[in-house]
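Peer 1: First, the structure itself, so that you have it in front of you.
2 protein chains.
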Amino acid sequence: MNKSINLKKRPVGTPTLSDFEFVESDVNPSISDGQLLLEAKYISVDPYLRGRMSDAKSYVPPFKLDEPISSGVVAEVIETKNDKFKKGDFVSGLLQWKEKQISTGEGLQKIDKSKAPLSAYLGIVGMTGLTAFLGLHEIGKPKKGETLVVSGAAGAVGSVVGQIGKILGLNVIGIAGTDEKIDMLKSEFGFDHGINYKTTKDMKAAIKEAAPNGVDIYFDNVGGPISDAVLFNINQFARIIICGAISVYNKTEIPMAVAVQPFLVKNSALMQGFIVSNYADKFPVAMKQLATWLGEGKLKYKETVVEGFENTPQAFLDMMDGKNKGKMIVKV
Amino acid sequence: MNKSINLKKRPVGTPTLSDFEFVESDVNPSISDGQLLLEAKYISVDPYLRGRMSDAKSYVPPFKLDEPISSGVVAEVIETKNDKFKKGDFVSGLLQWKEKQISTGEGLQKIDKSKAPLSAYLGIVGMTGLTAFLGLHEIGKPKKGETLVVSGAAGAVGSVVGQIGKILGLNVIGIAGTDEKIDMLKSEFGFDHGINYKTTKDMKAAIKEAAPNGVDIYFDNVGGPISDAVLFNINQFARIIICGAISVYNKTEIPMAVAVQPFLVKNSALMQGFIVSNYADKFPVAMKQLATWLGEGKLKYKETVVEGFENTPQAFLDMMDGKNKGKMIVKV
């Protein structure tokens, strides 16, 4: 049977396995002219999916109840009645959590297995890399010698942001939640400093110590008290990229924080929400640069690969809980 | 005797008269070659001065204790040994709170009494107008038909922001603290809607009612709960100009607020601190436009003029307490 994973109910607070439901259907749906039959190979689980599970107003519409969840997926074309794709092609795109599914090919990108491993097209040369590259460049506008702080630094996006920061000649400080992650940031990804927010009592002071000249760019993946502590250390004309707020996604009450307005006005600083899809016109240039750096060995990436389609919901929960290192991916 | 007003001690929380001290000195200081002797005519009291009275890190250095406070002042040249200025010239610039003072002329602008009243050079065709015009244009990037919310709308900057918004074809909503101010916003300054935050129980709902299509631009002079309420109503790609945070300037504890990060990321919105002095290269163009609009009768302005140099500290306290309508000015 062909399995799919539906959203059964909207999570309240932290999602649980009971919010998901496995549904079975025909093994081989039949395709019409212009269509493709795809078999999922790799599925990406990402923090932003939590937002789509709620029905609050957001930049992407909420998932519908009792319908399959969708996210970034790498799939193989196993049948085709569309001239643009042939059997055996690999594609990536926003697809459903289904073992097999029909597509018109719209919005899918053919990907080249020989240039990078298939799973990398969900990460370093896919949305993850693009988010890091474009967020840092378009809002952060980095200049050599400046200081960059990255929260969620051991996550998929964060680890790439820090590496690009080093390529551009920045002083890079990563914030993460275990000593093992901090070691990895410094030894594998070349970060200058790492701060374990779970064992550090005074984050404000720790950031000041790592950034004695102040913080020029803050790439924020988490929000919450970590971001409050960074605020106290920003410089004149600081740029803060709000890429995510994973610390509050599961909150059921409206989260409070240190008021940012006095810091922004005192420092003529900028804070901007970043959604990679708004920068689609810049994808080709950015992907080329990322592929070049990857080929030159200047960019490394981590994946946490979970095996088995049936483990996709658990992989999502683990990712929300910070159990991944780098990009969390399900190998179908 | 020639009087000056010194900062005697740094205010804790709300400033009081005892934080200021009157000091007397020689009636006519003697001037050297290249210098001018100035007599103050009008003194501007502004919210940002509160920040300079503290010794916290800010965009302008703190005032020194036991030295005169300085702010925008219009003065007359009563003696000159500087070829660029003649006796009887009027100038505006950042000057000390002194009845008479010596200047080298540096940083002073000659002003033309025939084009606008002297006091207007501290307001509508001075820093106030420039702050409104440049904040709205440089960060707000207004487009005809968009919705603009202004807090502190009956204040000096706010009332100009709203009027420029109307000239540019925006739907303009002003927030202020008395019904009298709300009436003035609508009847005199042409705002489309006014909200009295002191008598409105549900600010979030009131803003939604006045802005059924959501808020595209928020010109924020106040911070605090008013700004929290606006956040819930922002649109995709909203721009928030943080021009001031008068609601927190007197706070002694770090103020908390609704966390802005989730709103910014959901809406790809931007929030930026605005300090007019960073845009000095745009002053000539902006002043020309403001003067043109003023001449055409498209811009009106309000002043609250307090008479007497000795009332300057009280005028500052009253302005911090919202007792002014429009620009608060002391006539020396």
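Going down the list, the sequences are from chains A and B.
End of the first sequence = 332 in the UniProt record's numbering, gap-free, step of one.
End of the second sequence = 332 in the UniProt record's numbering, gap-free, step of one.
Ideal placement from N, C-alpha and C gives every residue a C-beta, glycine not left out.
Per the DSSP calculation, alanine 176 (chain B) is bridged to which residue(s)?
Peer 2: B:Asn196
Peer 1: State the CB to CB distance for the pair phenylalanine 20 (chain A) and lysine 3 (chain A), rounded to an integer number of angstroms; the pair is presumed to be in contact (CB under 8 Å).
Peer 2: At roughly 12 Å, the Cβ-Cβ gap does not stay under 8 Å, so phenylalanine 20 (chain A) and lysine 3 (chain A) are not in contact.
Peer 1: Can you list the residues of chain B that aspartate 220 (chain A) reaches, using a CB-CB cut of under 8 Å?
Peer 2: Gln261
Peer 1: Just to confirm my understanding: we take threonine 199 (chain B), look at its own chain, exclude 5 residues before and 5 after, and list those with CB closer than 8 Å. What are they?
Peer 2: Excluding positions up to five away in sequence, the list reads Asp179.
Peer 1: Going by DSSP, what residues sit across from valine 230 (chain B) in a beta bridge?
Peer 2: Answer is none; valine 230 (chain B) lacks a bridge partner.
Peer 1: How is the beta strand (DSSP E) around leucine 148 (chain A) delimited, first residue to last?
Peer 2: 147-151
Peer 1: Below 8 Å on C-beta distance, what does serine 227 (chain B) contact in chain A?
Peer 2: For the C-beta of serine 227 (chain B), the chain A residues within less than 8 Å are, from N- to C-terminus, Gln261.
Peer 1: Please compile the residues from chain A whose C-beta is within a distance smaller than 7 Å of the C-beta of asparagine 278 (chain B).
Peer 2: Near asparagine 278 (chain B) (Cβ distances below 7 Å), the residues of chain A are Ser268.
Peer 1: Name the DSSP beta bridge partners of arginine 239 (chain B), please?
Peer 2: B:Ile217 and B:Leu270
Peer 1: Out of curiosity, what's the CA-to-CA distance linking glutamate 310 (chain A) and serine 151 (chain A)?
Peer 2: 31 Å
Peer 1: With C-beta atoms as the reference, is alanine 210 (chain A) less than 8 Å away from histidine 193 (chain A)?
Peer 2: yes
Peer 1: Beta strand (DSSP E) containing tyrosine 301 (chain B): first to last residue?
Peer 2: Counting along the chain, tyrosine 301 (chain B) falls outside any beta strand (DSSP E), and DSSP gives it neither H nor E.
Peer 1: For the beta strand (DSSP E) holding alanine 40 (chain A), just list the boundary residues, first then last.
Peer 2: 36-44
Peer 1: Can you check whether the CB of isoleucine 173 (chain A) is closer than 8 Å to the CB of phenylalanine 189 (chain A)?
Peer 2: Taking 8 Å as the Cβ cut-off, phenylalanine 189 (chain A) and isoleucine 173 (chain A) do not qualify as a contacting pair.
Peer 1: How far does the beta strand (DSSP E) with glycine 93 (chain B) in it extend, from its first residue to its last?
Peer 2: Looking at the DSSP string, the run of the beta strand (DSSP E) that includes glycine 93 (chain B) is 90-96.
Peer 1: Taking all protein chains shown into account, do 16 or more other C-beta atoms lie within 10 angstroms of the C-beta of lysine 115 (chain B), making it buried, or fewer, making it exposed?
Peer 2: exposed
Peer 1: So, with DSSP's three-state summary, where would you put methionine 184 (chain A)?
Peer 2: helix
Peer 1: Drop a sphere of 10 angstroms on the beta-carbon of serine 71 (chain A), count the other beta-carbons inside from all chains shown, and report buried for 16 or more, exposed for fewer.
Peer 2: buried
Peer 1: For glycine 162 (chain A), is the classification buried or exposed, using 16 other Cβ atoms within 10 angstroms of its Cβ as the cut-off for buried?
Peer 2: buried
Peer 1: If contacts are defined as beta-carbon pairs under 8 Å, then glutamate 303 (chain B) and glycine 123 (chain B) qualify, I think. What distance do you get, rounded to the angstrom?
Peer 2: Rounded to the nearest angstrom, the Cβ distance from glutamate 303 (chain B) to glycine 123 (chain B) is 7 Å, consistent with a contact under 8 Å.
Peer 1: What does DSSP give as the partner residues of phenylalanine 20 (chain A) in its beta bridges?
Peer 2: A:Leu7
Peer 1: Determine the closest residue to arginine 50 (chain B) out of B:Gln35, B:Val215 and B:Ile69, with distance taken between C-alpha atoms.
Peer 2: B:Ile69
Peer 1: Would the stretch 73-80 of chain A count as touching the stretch 26-40 of chain A if we require 3 or more Cβ pairs under 8 Å?
Peer 2: yes
Peer 1: Does DSSP classify methionine 1 (chain A) as helix, strand or coil?
Peer 2: Secondary structure of methionine 1 (chain A) (DSSP, three-state): coil.
Peer 1: Between the alpha carbons of glycine 223 (chain A) and alanine 245 (chain A), how many angstroms are there, rounded?
Peer 2: Their backbone Cα atoms lie some 5 Å apart in a straight line.
Peer 1: I want to see whether chain A comes within less than 8 Å of isoleucine 242 (chain B), judged by CB atoms only; does it?
Peer 2: yes
Peer 1: Report the residue from A:Gly326, A:Pro255, A:Leu148 and A:Val330 whose alpha carbon sits nearest the alpha carbon of glycine 129 (chain A).
Peer 2: Of the candidates A:Gly326, A:Pro255, A:Leu148 and A:Val330, the residue whose Cα lies closest to the Cα of glycine 129 (chain A) is A:Gly326.
Peer 1: Please list, in chain order, the chain A residues whose beta carbon lies closer than 8 Å to that of glycine 223 (chain B).
Peer 2: Ala259, Gln261 and Pro262
Peer 1: DSSP has isoleucine 139 (chain A) in a bridge; who is on the other side?
Peer 2: Partner(s): none; isoleucine 139 (chain A) has no beta bridge.
Peer 1: Span of the beta strand (DSSP E) holding lysine 331 (chain B)?
Peer 2: 327-331
Peer 1: Using 8 Å as the threshold, is the C-beta distance between threonine 147 (chain B) and leucine 118 (chain B) below it?
Peer 2: no
Peer 1: Can you tell me the Cα-Cα spacing of leucine 95 (chain B) and tyrosine 42 (chain B), whole angstroms?
Peer 2: 11 Å
Peer 1: Which of helix, strand or coil does DSSP assign to proline 212 (chain A)?
Peer 2: coil
Peer 1: Quick check: what's the CA-CA separation for aspartate 228 (chain A) versus glutamate 138 (chain A)?
Peer 2: Approximately 23 Å between the Cα atoms of the pair.
Peer 1: Looking at the C-beta of alanine 245 (chain A), does it have a partner C-beta in chain B at a distance below 8 Å?
Peer 2: yes
Peer 1: Are there any heavy atoms of the ligand ADP lying less than 7 Å away from the beta-carbon of aspartate 192 (chain B), as far as the coordinates show?
Peer 2: With respect to the ligand ADP, the structure shown offers nothing to examine, as it has no ligands at all.
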